[in-house]
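First to last, the protein sequences are chains R and B.
Quick note on my numbering: the first sequence kicks off at 1 and runs consecutively.
Quick note on my numbering: the second sequence kicks off at 1001 and runs consecutively.
Virtual Cβ for every residue (Gly too), placed ideally from N, Cα, C.
Below: the structure, in structure tokens.
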Amino acid sequence: MIKTSEFNEYKTKNDIDLYVNKTDKFKTNYIHLDIIRPLSDQNEVSKNALIPYILYRGSYKYPTNQAISRELDKLFGADLNVSVARRGENQLLRFSIEIINDKFINSKENLTKKAIDFLYQLVFNPFVVDEKFKSDYVNKGRTFISEKILSLKNDKNSYVIERCYQEMCKDEKFSLYTLGTQKGLYNTRSDNLYTYYRKILKESPIEVFVIGDINSEEDIYNYINNNYKYDRDRKLPLNNTVMKTDHFNYVELAEEDNISQSRLGVGIRVPITRNHPLYFALTVYNGILGGFSHSKLFNTIRKEKGLAYYINTRLETTKGLILINAGINQDDYSTVKKIIKEKLAEIREGKVSKENIEWTKKKLISKYETLSDNNHSVVNAFLLGLINGKKDSLNFVINSIKQVKKEDIIKVAKMVQLTTYFLLIPGSDPN
Amino acid sequence: MIFKNYDKIEERYFQKELKAGLKVILIPRDKFNKKHAILSVNAGSVDLKLKDSKGGMINYPIGIAHFMEHILFENREGSIIDHFSRIGSSVNAYTGFNNTNYYFNTTNNFLQSLKYLLGFILKPNFDQQRIEHEKNVIKQEIKMYKDSPGWQSFYQLLQSLYFEYPIKYNIAGTAESIESLDKEILEDFYQKYYRIDNMTLIMIGDIKHDPVLNYLSNTFSVGKKKRDYKKVYPVEPDQIQSAQKELQMSISRPIISIGYKERSNYSQKSEIIKQDIVTNMLLEMIFGKSNDNYHNLYNSELIDENFSFNYMREKNTGFAKIYAETVHIDKTINALIEVLNKFDKDVNLHNFKIVKNKYIGRFYRSLNSIETLSSQIIKYNNLEQNYFNLINTIESIKLDDLIKQHSLIFNNRRPVKIIINNIKDKLRKTPCNAK
């Protein structure tokens, strides 16, 4: 039996979705808030990306970043995180706070409620001057985002993954980088971002998660229902992803950089997302191909041939993409490419051992079981389900994986299409 | 045998030394699905030298501990990894400065996984062909790290801080150093370091005590063997090896790091832990986001969100590292050093109490993750300390401890400066053989 606890669903009077999970597994309580926006165009994506980093500079109640940090330190070093993420063709503005459970300290105040208040102040009650965000804060946000976009190339692996996605989904929204573009930042320099943000708060889905050793779910619901005040008129859906099924961008591209190891990204299309009947077969397929250390790619490319230190695959379950990622020698590129094609063909032809399927299932089940041991993972997994309209319990997921048949895996294999190779190679001396 | 309840932090701790010398630590986690075991071998990248009973010295090539970590997975018919995959467990390993750690995670097959883990580590079979194969894999690993600016700034800092102490070498070694490895050297290293009394087994999760402990007691029932050699580490001078180093990489803007070296006054082991926390708290007081220094530096555009600091205390070494990304290289370095030197002028008891609470909060947060916990236990175990006592250590720390440590490690001492400059940007698109 898995030891797990589930989220219970609530809705506040102003249409904020609240999910509360009471569990005494963790020594902290975790509160997480996502604002969900469609990935629309580079200007909007850039504006959205700026928002969390402007809010982080100061709010009405804690008007400077120093005041914010002081409050967090007073809350026993509560951990605040703001970020922007992409899930399918949705852009998530993310805010979270994790705080020590009251029972470990002699505090007269309810720290969790203070953390809930804090998050409210940060998100809903920003620092405003003359109906605008403080210009200094906007500028700091702009500098930050601009640097972040530039520094993507510092991490060669992330860079290759992002570039591979961009090439693969060239004329689709998914190719928009989570943090927007320099051009988008520039284009929106004179927009009133506060006016824009009020619109966001009004019309976007807002999903709040509370997980931890709380007194009672009702208590948390009442508290948030009464305190998360905002005049809202929700208009946008949770998911804005468009699935492309043909006319793919077949491309093979190399870029030079001053590096010692070549990095490869391989893009694969798969027309299956979380609410497709073959979704669980897809997770098994991905595991057989490259998700684990017994997978076909790792087995052949690292264990057998010693061509790479790392080779793995990742599954984008909202847009339907598989991405293979490896660090290799440039000279081995054609060999590695050939092996990848062979492995895809093998699964298509049913050349998958019973063992490989069994091991993969066991590993996947184990992965889902242990997922519930991490409060952040629980929230992230549940949110992906929400976006895809599938609020599956862990028990359901595990049962579904058990039931995947070999024919289902072959069906998936016949649906995938390799479309993109992106290679970052050592370049000649730039001087 | 030790069994202790830590009521305040809601933890339990069990420790036993088996006849053969294996130390076993078990931490029950009834509410978790994950069951974790890690075998920590007390041999890391700094273990390169032994002295035998006649006074003769044995030297090993740089990177040997890490190579051993790889090769133990690879040396049999069929991969070791597959044994674990078959039962849904995951196995992996990592090599640190002082330890090599082999671990698995499982949900249902704990005892079987444990048998596999001990089996492949304790009964190796070195094969020259596999050794050659693994050299290629590790060369790729070395290349991967070489391209990482964060890793480079860390590695270069160690290179400049230390003259002799092998913490200065890349854990994986170099393409050249691993080339010299063969079956004979590896067998010799294994025989010397992979003794059961040089290992600790840590288990965390909802694990049934009795069958596991019975199995372990029966397996490791033979008494300890005599050791006729001992580990030797070089004596490291107090001063730094070189004050400044610059290199170029393909990055978006320059990276600087400043390092301060702990004097080699190797205090008592419990003092080392205290020194670790004291110095980290001290850095938090100086550079933490709550106080003015950070915001003055931030508002002068000398540092940004990427700014970080930490102090790393290990068995025989300690150093503080300040990291920033900036275009104003010299200005930032000077400003950071100035702030570090003036700490004694703006100490503040109120800030100290807040920083202390922050560390208490952080300690509890660290208990949420089984992997974080196991790595901390290893670190503390190296120093014969118990991680769960850390909460008491934190509470016992006084502001005076910080002031004293400040004068020892920072105040007007010579730092190392590492600067990574940006190679002129030149990204070109080249079409390769089109599809």
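**OP:** Would you verify that the beta carbon of M1144(B) is, or is not, closer than 8 Å to some beta carbon of chain R?
**Re:** As a working note, residue 1144(B) is residue 144 in the second sequence. Taking Cβ atoms only, chain R reaches closer than 8 Å to M1144(B), which makes this a yes.
Subject >> Cutoff 7 Å; reference Q261(R); Cβ partners in own chain excluding five residues on either side >> reply: Taking the first sequence and counting its residues from 1, one reaches residue 261(R) at position 261. Here the set comprises G327.
**OP:** For my contact list, N1368(B) and I2(R) are in at a C-beta cut-off of 8 Å; report their separation, rounded to the angstrom.
**Re:** Position 368 of the second sequence, counting from 1, holds the residue named residue 1368(B). Position 2 of the first sequence, counting from 1, holds the residue named residue 2(R). Not confirmed; about 18 Å, so no contact.
**OP:** Sort E203(R), Y19(R), R57(R) by Cα distance to N139(R) and report the nearest one.
**Re:** Translated into the one-based positions of the first sequence, residue 139(R) becomes position 139. Of the listed residues, the one whose Cα sits closest to N139(R) is R57(R).
Original post:
When we look at the beta-carbon of A1434(B) and count the other beta-carbons within 10 Å, is it buried (16 or more) or exposed?
Top reply: On the second sequence, position 434 is the one that residue 1434(B) refers to. Legend: pLDDT at A1434(B) = 33, less than 50; position of this residue unreliable, no value from coordinates given.
**OP:** Mind reading off the beta-carbon distance from F1067(B) to L1181(B)? Whole number of angstroms is fine, and I expect it under 8 Å.
**Re:** The residue you call residue 1067(B) lines up with position 67 of the second sequence. The residue you call residue 1181(B) lines up with position 181 of the second sequence. Correct: roughly 6 Å between the Cβ atoms.
Subject >> 8 Å Cβ cutoff met for K390(R) and N275(R) >> reply: Within the first sequence, residue 390(R) is the residue found at index 390, counting from 1. Within the first sequence, residue 275(R) is the residue found at index 275, counting from 1. Yes.
Original post:
When the cut-off is 8 Å and only beta carbons count, does F1309(B) lie next to chain R?
Top reply: For the purposes of this step, residue 1309(B) is taken as the residue at position 309 of the second sequence. No, F1309(B) lies away from the interface with chain R (no Cβ there is under 8 Å from its Cβ).
**OP:** Measure from the alpha carbon of N1198(B) to the alpha carbon of each residue in R1227(B), T1326(B), N1105(B), E1184(B), then state which is nearest.
**Re:** Counted from its first residue, the second sequence places residue 1198(B) at position 198. Taking only the C-alpha atoms, the option nearest N1198(B) is R1227(B).
Original post:
So which residues of chain R does I1251(B) contact, with C-beta pairs closer than 7 Å?
Top reply: The count along the second sequence starts at 1 and reaches residue 1251(B) at position 251. Ordered by position in chain R, the residues that pass the 7 Å Cβ test against I1251(B) are N154.
Original post:
Between which two residues does the alpha helix (DSSP H) harbouring A326(R) extend?
Top reply: As a working mapping, residue 326(R) is identified with position 326 in the first sequence. From DSSP, A326(R) is part of no alpha helix (DSSP H) but of the beta strand (DSSP E) over 321 to 328.
Original post:
Rounded to whole angstroms, how far is the Cβ of Q121(R) from the Cβ of K61(R), which I believe are closer than 8 Å?
Top reply: Against the first sequence, residue 121(R) aligns to sequence position 121. Against the first sequence, residue 61(R) aligns to sequence position 61. With 8 Å as the limit, Q121(R) and K61(R) qualify as a contact, their Cβ atoms being about 5 Å apart.
Original post:
Does the beta carbon of Q417(R) come closer than 8 Å to any beta carbon on chain B?
Top reply: Start at 1 with the first residue of the first sequence, and residue 417(R) comes out as number 417. Not closer than 8 Å to any Cβ of chain B, the Cβ of Q417(R) fails to qualify, so no.
**OP:** Figure out for me which residue from M1001(B), I1255(B), T1200(B), N1299(B) has the closest Cα to the Cα of G1150(B).
**Re:** Locating residue 1150(B) in the second sequence gives position 150, where the first residue counts as 1. Here the closest residue by C-alpha is I1255(B).
Subject >> Under the three-state DSSP convention, the category V1416(B) falls into >> reply: Reading the second sequence from its first residue, position 416 is the one you call residue 1416(B). The answer is strand: DSSP assigns V1416(B) an E or B state.
Original post:
In the DSSP assignment, what are the bridge partners of P126(R)?
Top reply: The sequence position of residue 126(R) within the first sequence is 126, counting from 1. According to DSSP, P126(R) bridges with S59(R).
Original post:
Looking at the C-beta of Q261(R), does it have a partner C-beta in chain B at a distance below 8 Å?
Top reply: Here residue 261(R) corresponds to residue number 261 of the first sequence, with the count starting at 1. Taking Cβ atoms only, chain B reaches closer than 8 Å to Q261(R), which makes this a yes.
Original post:
In three-state DSSP terms, what is R1428(B)?
Top reply: The residue you call residue 1428(B) lines up with position 428 of the second sequence. Per-residue confidence for R1428(B) stands at a pLDDT of 36, beneath the threshold of 50, marking its modelled position as unreliable; the derived number appears in the next sentence. Correct three-state label for R1428(B): coil.
Original post:
In angstroms, rounded to a whole number, what distance separates the CA positions of A78(R) and D1276(B)?
Top reply: Translated into the one-based positions of the first sequence, residue 78(R) becomes position 78. Translated into the one-based positions of the second sequence, residue 1276(B) becomes position 276. If I take the Cα positions, the gap works out to 22 Å.
**OP:** Give, in chain order, every unbroken run of the alpha helix (DSSP H) that is at least 4 residues long and sits entirely within the stretch 243 to 326 of chain R.
**Re:** 279 to 286
Subject >> For T1106(B), the three-state DSSP class (helix, strand or coil) >> reply: As a position in the second sequence, residue 1106(B) is number 106, starting the count at 1. It is a strand residue.
Subject >> DSSP-derived helix/strand/coil call for G1459(B) >> reply: An answer regarding residue 1459(B) cannot be provided, because it is not within the stretch 1001 to 1435 covered by chain B.
**OP:** For V1222(B), count neighbouring C-beta atoms within 10 Å of its own C-beta (all shown protein chains included) and say buried if the count is 16 or more, exposed if not.
**Re:** Numbered from 1 along the second sequence, position 222 holds the residue referred to as residue 1222(B). Result: exposed.
**OP:** Go to Q1248(B), then tell me how far its beta strand (DSSP E) extends in each direction, as first and last residue.
**Re:** Along the second sequence, one-based indexing puts residue 1248(B) at 248. Start and end: 1244 to 1249.
**OP:** Kindly identify the DSSP beta-bridge partner or partners of G1205(B).
**Re:** Along the second sequence, read from residue 1 onward, the residue named residue 1205(B) stands at position 205. The partner list for G1205(B) (beta bridge, DSSP) reads P1028(B).
Original post:
What are the boundary residues of the beta strand (DSSP E) that S1090(B) is part of?
Top reply: Counting from 1 along the second sequence, the entry for residue 1090(B) is found at position 90. Looking at the DSSP string, the run of the beta strand (DSSP E) that includes S1090(B) is 1090 to 1095.
Original post:
With a cut-off of 8 Å, do at least 3 Cβ pairs link the stretch 1198 to 1212 of chain B to the stretch 1343 to 1363 of chain B?
Top reply: no
Original post:
Under 8 Å Cβ-Cβ, which residues of chain B neighbour N65(R)?
Top reply: Locating residue 65(R) in the first sequence gives position 65, counting from the first residue. Correct list: K1289, H1295, Y1298.
**OP:** Show which residues of chain R have a CB atom less than 9 Å away from the CB atom of S1374(B).
**Re:** Position 374 of the second sequence holds residue 1374(B). Neighbours of S1374(B) on chain R: none; closest Cβ ~13 Å, over 9 Å.
Original post:
Which residues mark the beginning and the end of the alpha helix (DSSP H) in which R1365(B) is found?
Top reply: For this step, residue 1365(B) is matched to residue 365 along the second sequence. Where R1365(B) is concerned, the enclosing alpha helix (DSSP H) stretches over 1349 to 1366.
**OP:** Tell me, please, whether the stretch 1233 to 1243 of chain B touches the stretch 1125 to 1144 of chain B by the rule of three or more beta-carbon pairs shorter than 8 Å.
**Re:** no
**OP:** Answer with yes or no whether the minimum CB distance from F26(R) to chain B is below 8 Å.
**Re:** For the purposes of this step, residue 26(R) is taken as the residue at position 26 of the first sequence. Yes, its Cβ sits closer than 8 Å to a Cβ of chain B.
Original post:
Mind pulling the chain R residues with CB within less than 7 Å of Y1364(B)?
Top reply: For the purposes of this step, residue 1364(B) is taken as the residue at position 364 of the second sequence. Chain R residues near Y1364(B): K27, T28, I100, F104.
**OP:** Take L1114(B) as the anchor and find which of V1041(B), N1411(B), Y1215(B) has the nearest alpha-carbon.
**Re:** To locate residue 1114(B), count along the second sequence from 1; it is residue 114. The option with the nearest alpha carbon to L1114(B) is Y1215(B).
**OP:** With a 10 Å radius around its C-beta and 16 neighbouring C-beta atoms as the bar for buried, classify D15(R) as buried or exposed.
**Re:** Position 15 of the first sequence, counted from the first residue, corresponds to residue 15(R). Exposed.
**OP:** Consider the Cβ of I365(R): report whether some Cβ of chain B lies at a distance smaller than 8 Å.
**Re:** Counting from 1 along the first sequence, the entry for residue 365(R) is found at position 365. Judged by the 8 Å Cβ criterion, I365(R) is in contact with chain B.
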